[in-house]
Every structure is written in C-alpha cells, then in structure tokens.
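> If you read the sequences in order, they're chains A and Y. Note that the numbering used here has the first sequence beginning at 46, numbered continuously upward. Note that the numbering used here has the second sequence beginning at 46, numbered continuously upward. Each residue gets a CB set at the ideal place from its N, CA and C atoms; glycine is no exception. For reference, the structure I am asking about is given below.
There are 2 protein chains.
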Amino acid sequence: MEDVAREAGVSRALVSLVFRGQPHVSERRRTAVLEAADRLGYRLNAAASSLASRQSRIIGLVVNDLSNPYLVAGTEALQERAESVGRRLILGLAKRDAEHEQAAIETLLQHRPDALILAGTVLPKAVLTRFGRQVPTLVMGRIVRDASVDCIAIDDARGAELVVEHLAGLGHSRILHVDGGGGAGAAPRRTGYRKTMTRLGLAEHIDVMAGDFTEQAGANAARQLLDRDVLPTAVFAADDLVALGVLDVFRGAGVAVPEDVSVVGFDDSTIARLQAISLTSVSQPVLHMSSLAIDAVLARLEDPTAGYRAVVVPPQLVIRGSSGTPRPATA
Amino acid sequence: MEDVAREAGVSRALVSLVFRGQPHVSERRRTAVLEAADRLGYRLNAAASSLASRQSRIIGLVVNDLSNPYLVAGTEALQERAESVGRRLILGLAKRDAEHEQAAIETLLQHRPDALILAGTVLPKAVLTRFGRQVPTLVMGRIVRDASVDCIAIDDARGAELVVEHLAGLGHSRILHVDGGGGAGAAPRRTGYRKTMTRLGLAEHIDVMAGDFTEQAGANAARQLLDRDVLPTAVFAADDLVALGVLDVFRGAGVAVPEDVSVVGFDDSTIARLQAISLTSVSQPVLHMSSLAIDAVLARLEDPTAGYRAVVVPPQLVIRGSSGTPRPATA
DNA sequence: CTGAAAGCGCTTACAG
DNA sequence: CTGAAAGCGCTTACAG
C-alpha cells in the first residue's frame, strides 16, 4: 500500500480510502491510485482489513447436506447475492448431525464472520441461542422462537396442508406421510399433515412413518409398505429425496405411479422437475428466500439491536405426473 | 490471548504454541491453556494469524457451474478433505464464463489463500499461467500443459474411447457425439470420439453436434436430430446434463431409449444413477480425485519449487439401461 | 518454558 | 486532502 501511494503520488491514507470505495475522493486521484495498484499488481489484504476494521466482510454459511439439490440451489443463490453486496461466503458443511455442525461453526467463527447463515440446521434451540449471542445469526428453513437469531423459512405446515388438500381433492383418503425426523421443517410438515387430515375428516387414515431427509429413508419406508397387506393410495414424502427413494422402490416392485399410488414430495428441487421423475412437490422459492436472507443479514448488521425477525414465505404446490386420482377398484 | 495466558498462568507465547498444536508443550500446561480458553470463550483470530504467519490456512475453490451435480459432489469431497488437514475452503462461483471466473478469482485472492483450486475452469492458458505464478494453483478436470499450474483430471480421451467401444460392441455404427464446447475436458472427449470411430472403421459415421455442459444444449441437439430424416442409433453426450436434455426431448417425442436410440453420458453423476434415468455413463472417481487434489496442494505448499505435476486418473464405464443393441430393422 | 520486542498490512482518528 | 501515530490480534525470533 505504501508502494502504491508512492507510485500514485498520494498518501497512504488516500489509498485506503479509494480501496474502501469512500466517496470524498477526487476522480483524478482515484484513477491514479487504481492505475498504480494495477501496475504494481497490488491487491488489498483481506486479513489485514479485517483485523484493523473489525469487519471481515465474510459471511459464514453452514449447509447441512449438500447432497440435497435444494440446498445446493440455495447455496448458489446466497453466494450470488452475497457477492453483489461485497461479501464473500466461507463454507461449512455438515450432514444433519448436530456434533459435526457445531464443530463446523466453531472453526468458521475463527474467521470472525460478520454474520452466520445456518441452512437446514439441526442444532437444538439452546445451542443456536448461544451462537446467536456471539454473532448475528440467521437460520434458514426453520423458525426458531428465540430473540437471538433471525429466521426465514417457508410455511411448512401450510405446504403440508396444500399437499393433503390436493390429494384429498383427487379422491384419496388413505394418505400416508413419510416424515423427515429431526430435520429442519420436518416437524411442522408432520403437524400440518395431521391437522389437515383431521380437518378433512380423514383422521382415521392418519399414518406417519419415521424417516429423515434422505433417499435411503424413502426407500426403507417403501419397502416396509410393500410388506403390508394393502398399500395406501397416496404417499406424502417429507422432501423430494424421500419421494425419490419411494419412487425407485415402487418402480422396482412394479407399483405404478400414479395409477397404483400417488407420490408427492417437498422442495420442488431440480430432481422433481426432471421429466423422467415428474414429481408433484411443494415449491420453496429458493432465489427469493436467499435474497431475503442476505437482506436480513445486512439489516441486522446495520441495526444489531433491532428486534427478532422471522420471515415466513408462502409455499406453492407444483402439480406434476406423480399424483393422480386413485383407482376406483381399490377403494 | 493475553487474558487466556493470565487465566492459565502461562505466557502469551505458550498460548500461541498450544493453539498452533506445537509438540514441545507439556500436557499439564496444554490442558490448562485449553481449559482457560474454554472458560473465557476464547477463539483464535484467523485474520490475525494469517497476517502474522503469512499463512491463511485457507484454500480458494472456484467452481464453475454448481448446477452440475458432478461438481457439487467434488466440492463436498474437497471440503471434507481440506477440513481433515486443517484448511478451510472459501468459495468462488462462476458459470463457465471466463470473465466472471476471473473476477471471482481476483476477489478470492484478497484473502491470500495458501492455494487455489479451479474446478472446471474455462480460462485460457495464459490467464491460468498468470495466476499460477502468484499462488499455488491446481486445475481440476483439465490438463493444462504449463509449468506454473498443477493438474488433475481423468483421461477424457480414454473415457470417450470406452463409450465408442461399448456402443460399437453392441452393434452401433451411426454414433453421434454432442460435444461440450469450450468446457473443461470437452476437447479431449471430442478427439477421443473421433479417433476411436476412425480406428474402428466408422470414420464415415463421425458426426459431432456443438453443445456445452448444460441440459439445454442436449435438448437443442435432440430437437435438431428429430428434424433429420434418420436418427443415429446412438448418442454420446459430452456429459450427463447434456444426456439428460437429450433423454427428455426423446421421451417427449416418443423416441424409445435404448430401443430406438442408445444414449450415453459422462461423469456418472447422481442423476445418471437415478433408477428413473439409468444412464450409461463414464465414471469419474470424485472422491479419489478430490483426495488427490488436496494431497497435491499440500505437496506443492511443502515444496513450491517442485516440478510440474499432472495426475491423470483412469475412467471407468458404468453400463446402465440407456444403452442397448440397435434395432436390426433400422440398419 | 518465559518475557519483551518487532512486525504482519491494514484502518482509524486527528492535527494541519 | 496529507502525514504521523496508534492499534487490531496474532507469530516469530531471541535472550534468558
């Protein structure tokens, strides 16, 4: 920086101002500085800036389960939005395992991120609170009722409601749910399913199988179903991966979808959209949510004392080929 | 750190030693320091370490096109391996566009990564050389003959050879290739196709359509094919996404796969493995390659003056349902 | 192992 | 705008 100042014939302080994009610098000197920097191949040292300014301009992102295409899309969108506001993402990966996730966060914090975004976190509320008190934290995909973290998620219960209403509207009554276990959003989806079944007079058909957000869980559930005397006419899977597992096993066993059984997923991930899969699914507007997430982080940085904020985004059902009317005969 | 030293009753220097995991510290003092740090909620400041030690322990990863499941798997594997050797990934995303990619690298370099990994780079050799001279750089998915960057890739030409041999072995002769344009590895795949066709006496059937590594490109190619008088009996797509685009359009047009046309992809991504897709594809051992990549980076850091290294990993063909014998009638 | 010192490359605040 | 100074939180090297 010293060298750049000399080369451009200005003071060190001015160089710093230019690189931070401060307004009160004359155009002449600004270009002189930038050209000098270019000639010398100078590049701001982010570590030094971070240390001196107490701002890292880094956002720590912890993604649970990058094998989920839905979270991949979210990561991509977050990265783009973060970049557009001059922040860089530093990545932590976890696999829906609280211990790993916590460890990932701990090391991320060594880089003193300005904020933390936790996508699909499986951490208990108490732990989230603790992190939230150390650094501005945003939880994506789950609503945590706690003043120390901001949240953004779709209305999972409403999503489940849309699914059950859709299936019931087609004439289904034996609608089974394979749930997402302790995953982010799994609980409200389960509750939404139960409530809507009850509201529609289908309480006696409520049937929940335990799962998690993996293809494996869906496959397991489907195999267990095949052992039963009678199949449900529709399966509502906790997410698209679960639905995929169900579809694969059904396909292998000669169960026709949607003729024998309708299958519905959740997330509207890239997988659901494949023509060969064509899965009816609840859409989460990833781009929109990612944009809101970065906005929320910036707002929080500007006003750290602002109140708790939770944004709930409405879901939308995307109907594709995997759901249809039940066979009249099987009723 | 001062406080931790006081709390543990040791010197600041000792605290630093403990946190850097240095060996010559007595067990007693080590635990005393760690416990004191825990009590005070102390965490090493990565920016300060980076500045003082001239080592960031950060690896900059630039991924072209996170919409490609193959590159996602690679990212995940790299992250895991990097973590196991105490490094953190800082992410840059590009979309097979040289300008964006270069800009992403520039800002990554502000964080002074110990090394740079470029996955699926589309940058011209001259630019790669320039970066390679500034920071240890590893190119994944493409072999660049340049002493300033290390490379790791599968043998793309051999992969193409395996595909053509497989299809020819099934009895195909009219084997068309939809290529990957300027994408990493596209050129050797194209060449491998041409050479093998020639070697097998099928030179007159060589037929290359221009594409890139997207579903869209595959769909476009398939649509053009449908306008022709006669379809090829097999399509070798530059990667799985291209193959997916081909499959979707064929499916929509009532072209049966593999009965009417066999389709083969490249990457053996998660998509190829889906039962509903069941795409014959060339497998790139992502986990293995990611592991080699981190090893190569570490080796380079230990010995910056070592010679140019390029590792070529052998590919493997995974045969699934999308390829079969050609219809006898159509010959 | 300790203790004191210098320095990494910036930002910040201030007098001019 | 300049110029000089202090400081961010570490690491490094060194004498003891």
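Taking just the CA atoms, how far does Gly230 (chain Y) sit from Ala317 (chain A)?
One C-alpha to the other measures close to 29 Å.
> Which residues, in chain order, does the region 146-172 of chain A contribute to contact with chain Y at a C-beta distance below 7 Å?
Flagged, chain order: Thr152, Leu154, Gln155, His156, Arg157.
> Could you name the residues of the same chain whose beta carbon sits closer than 7 Å to that of Thr370 (chain A), not counting the 5 residues immediately before and after it, in chain order?
Same-chain partners within the cutoff: Leu215, Gly216.
> For Val356 (chain Y) and Val130 (chain Y), I'd like the C-alpha separation in whole angstroms.
In a straight line, the C-alpha of Val356 (chain Y) is about 21 Å away from that of Val130 (chain Y).
> Is the CB of Asn265 (chain A) under 8 Å away from at least one CB in chain Y?
It does not: the Cβ of Asn265 (chain A) has no partner Cβ on chain Y nearer than 8 Å.
> Looking at the C-beta of Val180 (chain Y), does it have a partner C-beta in chain A at a distance below 8 Å?
Chain A contact via Cβ: absent.
> Going by beta carbon distance, what residues of the same chain come within less than 7 Å of Leu123 (chain A), once the five residues before and after it are set aside?
Same-chain partners within the cutoff: Leu106, Leu134, Ile162, Ser335, Ala338, Ile339.
> Touch check for the region 81-95 of chain A and the region 274-292 of chain A: three-plus C-beta pairs under 8 Å?
Not touching, per the Cβ criterion.
> Assign Ile197 (chain A) to buried or exposed, taking buried as 16 or more other Cβ atoms, counted over all protein chains shown, within 10 Å of its Cβ.
Classification of Ile197 (chain A): buried, given that the 10 Å Cβ count is 16 or more.
> What are the boundary residues of the alpha helix (DSSP H) that Val208 (chain A) is part of?
It spans 201-215 - the alpha helix (DSSP H) in which Val208 (chain A) sits, taken as one unbroken run.
> Val208 (chain Y) and Leu362 (chain Y) look like a contact to me (Cβ under 8 Å); what is the Cβ gap, rounded to whole Å?
Indeed they touch by this definition, with Cβ atoms about 7 Å apart.
> With DSSP collapsed to three states, give me the class of Gly54 (chain Y).
Gly54 (chain Y) falls in the coil class under three-state DSSP.
> Please report whether the beta-carbon of Ala91 (chain Y) lies at a distance below 8 Å from any beta-carbon of chain A.
Yes, Ala91 (chain Y) counts as interfacial toward chain A.
> Give me, in chain order, the residues of the same chain whose beta-carbon lies closer than 8 Å to that of Ala264 (chain A); leave out the 5 immediate sequence neighbours on both sides.
Taken in chain order, the residues that qualify are Gly290, Val291, Asp293, Val294.
> Is it buried or exposed for Asp83 (chain Y), if we count other Cβ within 10 angstroms and need 16 for buried?
So Asp83 (chain Y) counts as exposed.
> If you count every other CB in all the chains shown that lies within 10 Å of the CB of Asp348 (chain Y), and 16 or more means buried, which is it?
By the neighbour-count rule (16 or more Cβ atoms within 10 Å), Asp348 (chain Y) is not buried but exposed.
> Does the Cβ of Glu304 (chain A) have 16 or more other Cβ atoms within 10 Å, making it buried, or fewer, making it exposed?
Classification for Glu304 (chain A): exposed.
> Measuring only between beta-carbons, confirm whether Leu292 (chain Y) sits less than 8 Å from chain A.
Chain A contact via Cβ: present.
> Distance check for Asp200 (chain Y) and Val309 (chain A), CA to CA, integer angstroms please.
Cα to Cα, Val309 (chain A) sits roughly 41 Å from Asp200 (chain Y).
> With DSSP as the reference, please indicate the residues paired to His222 (chain Y) in a beta bridge.
Y:Val253, Y:Phe281.
> Are Met254 (chain A) and Ala248 (chain A) close, meaning C-beta to C-beta below 8 Å?
No, these two residues do not count as a Cβ contact at 8 Å.
> At what residue ranges does the region 67-123 of chain A contain a whole run of the alpha helix (DSSP H), taking only runs of 4 or more?
Segments of the alpha helix (DSSP H) lying fully in the region 67-123 of chain A: 72-85, 91-98.
> Where does Gly310 (chain Y) fall in DSSP's three states?
Residue state, collapsed to three classes: strand.
> What is the residue span of the alpha helix (DSSP H) that Thr241 (chain Y) lies within?
Note, Thr241 (chain Y): alpha helix (DSSP H), 231-244.
> Residues in the same chain with beta-carbon distance under 6 Å from Arg132 (chain A), minus the five sequence neighbours each way, listed in chain order, please.
Once the five neighbours on either side are set aside, the close Cβ partners of Arg132 (chain A) are Arg102, Ile104.
> Could I get the ranges of all uninterrupted alpha helix (DSSP H) runs contained in the region 123-199 of chain Y, with 4 residues as the minimum, in chain order?
The qualifying runs are 143-154, 170-179.
> In the structure shown, what three-state DSSP assignment does Thr259 (chain Y) receive?
Of the three classes helix, strand and coil, the one that applies to Thr259 (chain Y) here is coil, per DSSP.
> State buried or exposed for Arg126 (chain A), treating a residue as buried only when at least 16 other CB atoms are found within 10 Å of its CB.
Burial call: buried.
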